[in-house]
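Note that the protein sequences, when read in sequence, are chains E and F.
Residue numbers for the first sequence follow this note's numbering, beginning at 4 and rising by one.
Residue numbers for the second sequence follow this note's numbering, beginning at 16 and rising by one.
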Amino acid sequence: MAEQSDEELCQKVANGDAPAFELLVERHQARAYRLACSILGSESDARDVSQDAFIRLYESANRFDGRSRFSTWFYRVLVNLCIDHKRRDKWWRRLVPLSGPGDDPDAPGIDPASTEPGPEVAAMLGQSTLKLGAALDHLSPHQRIAVLLQAQEGLSSREIAEVLKCSENTARVHIHRGLTQLKKILKDA
Amino acid sequence: MSATHPEIDLVPFFRGELNAAERDRVQHHLDGCGQCRKSIGALAATLQQVSAHLEELPTPEWSAYRRELRLKLARRTETRSRWWRPGLVWASLATASLGIAALILALTMRPVSSPGITPQVDQLAMEQAPETVDVGLLRDYPVVEKLDLLEDYDVIERLDQLPAAQHNHDTRS
C-alpha cells in the first residue's frame with residue numbers, strides 16, 4: 004500500500020482518526036523538536052512548545068485547507084508558538100529578573116534565546132556544531148527561522164514567506180543575509 | 016557583467032526555485048561574475064553546515080515524548096469536556112441572563128429628575144454666571160423685590176396730596 008501523504012493524514016486527523024495523528028507525530032516529531040530547539044535554545048522549552056504544536060494540529064486539523072503543503076502549515080503553527088513563547092519569556096524575565104543588576108557581576112547573563120548547550124550536551128556535540136549553534140544565535144529571529152526552515156525542511160522562499168507572513172522577496176533577503184552572516188561568523192571564529 | 020549582483024536570488028537559483036526567465040537572468044550574470052560564482056558555492060556550503068548541525072542536535076526519547084504528548088492531549092480534552100458539560104453551560108447561561116437582567120433593571124430604575132424640581136431658567140443663569148461678574152444687586156434681591164412698589168409712580172408723585180400724610184405732617188410740626 005502506498006504511503007499516505009501528510010495532507011491525507013491531516014484530513015484523517017480532522018475526522019478524529021487517532022492513529023493518523025500518531026503517524027503524523029512520528030513523522031514530524033524530530034524535525035519539529037529540533038527546529039523549536041534551534042529557535043528557543045532550550046531543550047525543555049522545545050519539548051513543550053513542539054508538543055503544543057502537535058496539540059494545536061490535533062485540534063485544528065480541520066482548518067488545514069490543503070492550499071499549501073502540510074509542512075508549511077504545520078511549521079507556521081510551530082514557529083508562531085515559538086515566537087509567542089519567546090515573547091512571553093522575555094516579558095516574564097523583564098518583570099521578574101532572575102538576577103538583578105549587581106547581584107553577581109561575574110555570573111553569565113541569562114539569555115532565554117541562547118542556543119548555548121549545557122555541559123552534557125556540549126560534550127556530545129562536535130566543535131563545528133557548537134560553533135554553528137553559537138553563530139545562529141547572532142542572527143535576527145526572522146533570519147534564523149528562515150535559514151533553519153530552508154536547511155532542515157527544505158522549504159522554498161515562497162513557503163518561508165508564508166510561514167513568516169512576509170513577501171517572497173523579504174524571505175529571500177532573510178535567507179541571504181542569514182547565510183552570509185553565518186559564513187562570516189564561522190570564518191572569524 | 017551587470018552592475019547589480021542578484022544576491023538574494025542565488026540561493027533560490029541553486030535550489031531550483033526560480034522560473035525559467037529568472038533562472039536565465041541569474042545564469043547570464045553568473046557566466047560573467049566570478050564573485051557571485053564564489054558566493055553561490057559558499058552559501059550552499061553554509062546551508063549544508065546548518066543542515067548537519069540540526070541533524071546532530073540531541074533529541075529526546077521519542078516514546079516518552081509521545082506518551083507525554085498523549086497525556087497532555089487527554090488532560091486538555093478532559094478540561095474542555097468538563098467546561099462544556101451541559102449543566103455548566105446552562106449555569107453559565109443563567110448567570111449571564113441574570114446579569115443582563117440586573118443591568119437592564121438598574122438602567123430603567125435610575126431616578127430621573129422630575130419636572131417639578133427642574134431649575135428655572137434665571138436660576139440656571141445665576142448658577143452659570145461667572146464668579147467675576149458683580150452680582151451685588153442679585154445678592155440684595157429681596158430689597159430689590161420690595162422696590163417694585165415704586166413702580167406705581169402716580170402714588171409717589173402725589174404723596175404730598177395724600178390726606179393722611181398731610182395730617183401726619185401737621186401734627187409732627
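Backbone N, C-alpha and C fix where the C-beta goes; we use that ideal spot for every residue, glycine too.
Given the structure is predicted, the values throughout are model-derived calculations rather than measurements.
Buried/exposed call for residue i, threshold 16 Cβ in 10 Å
| i | result |
| --- | --- |
| residue 147 of chain F | With a pLDDT of only 49 at residue 147 of chain F, under the threshold of 50, the placement of this residue in the model should not be trusted; the figure read from the coordinates follows. That one is exposed. |
| residue 44 of chain E | buried |
| residue 159 of chain E | buried |
| residue 196 of chain E | Absent from the model: residue 196 of chain E. The displayed extent of chain E is 4 to 192, so no value can be given. |
| residue 188 of chain F | Low confidence applies here, because residue 188 of chain F scores a pLDDT of 49, under 50, leaving its location unreliable and the question unanswered by this model. |
| residue 104 of chain E | With a pLDDT of only 38 at residue 104 of chain E, under 50, the local geometry of the prediction cannot be trusted, and the value read off the model is given with reservation. It counts as exposed. |
| residue 16 of chain E | buried |
| residue 113 of chain F | exposed |
| residue 6 of chain E | exposed |
| residue 45 of chain F | buried |
| residue 119 of chain F | exposed |
| residue 163 of chain E | buried |
| residue 115 of chain F | exposed |
Below-8 Å beta-carbon distance, residue i vs any chain A residue
| i | result |
| --- | --- |
| residue 119 of chain F | Looking for chain A here will not work: the only protein chains present are E and F. |
Given residue i as reference, the closest of the options once Cα atoms are compared
| i | options | result |
| --- | --- | --- |
| residue 80 of chain F | E:69, E:61, E:68 and E:49 | E:49 |
| residue 65 of chain E | E:71, E:18 and E:141 | E:18 |
| residue 29 of chain F | F:55, F:113, F:70 and F:119 | F:55 |
| residue 70 of chain E | E:23, E:134, E:169 and E:165 | E:165 |
| residue 61 of chain E | E:162, E:13, E:172 and E:6 | E:13 |
| residue 135 of chain E | F:115, F:111 and F:71 | F:71 |
| residue 31 of chain F | E:137, E:133, E:157 and E:169 | E:157 |
| residue 82 of chain F | E:163, E:133 and E:25 | E:25 |
Nearest-angstrom Cα separation, counted from residue j out to residue i
| i | j | result |
| --- | --- | --- |
| residue 191 of chain E | residue 139 of chain E | 14 Å |
| residue 3 of chain E | residue 84 of chain F | Residue 3 of chain E is absent from the model: chain E starts at 4 and stops at 192. |
| residue 42 of chain F | residue 48 of chain F | 10 Å |
| residue 91 of chain F | residue 63 of chain E | 14 Å |
| residue 66 of chain F | residue 108 of chain F | 54 Å |
| residue 36 of chain E | residue 27 of chain F | 26 Å |
| residue 84 of chain E | residue 123 of chain F | 47 Å |
| residue 41 of chain E | residue 69 of chain F | 8 Å |
| residue 33 of chain F | residue 68 of chain E | 26 Å |
| residue 51 of chain F | residue 73 of chain E | 34 Å |
| residue 94 of chain F | residue 86 of chain F | 12 Å |
| residue 89 of chain F | residue 47 of chain E | 20 Å |
| residue 73 of chain F | residue 22 of chain E | 26 Å |
| residue 19 of chain F | residue 75 of chain F | 47 Å |
| residue 89 of chain E | residue 34 of chain E | 19 Å |
| residue 170 of chain E | residue 161 of chain E | 8 Å |
Whether residue i touches residue j by CB criterion (8 Å)
| i | j | result |
| --- | --- | --- |
| residue 188 of chain E | residue 144 of chain E | no |
| residue 24 of chain F | residue 30 of chain E | no |
| residue 51 of chain E | residue 27 of chain E | no |
| residue 142 of chain E | residue 185 of chain E | yes |
| residue 21 of chain F | residue 38 of chain F | no |
| residue 105 of chain F | residue 32 of chain E | no |
Open item on the list: Three or more C-beta pairs under 8 Å: does that hold for the segment 58-66 of chain F against the segment 146-164 of chain E?
Closed with: yes
- [ ] Count the CB pairs spanning the segment 142-150 of chain E and the segment 172-191 of chain E that are closer than 8 Å, and state whether there are at least three.
- [x] yes
Task: Cβ contact (3+ pairs, closer than 8 Å) linking the segment 37-56 of chain E and the segment 70-90 of chain E - done: yes
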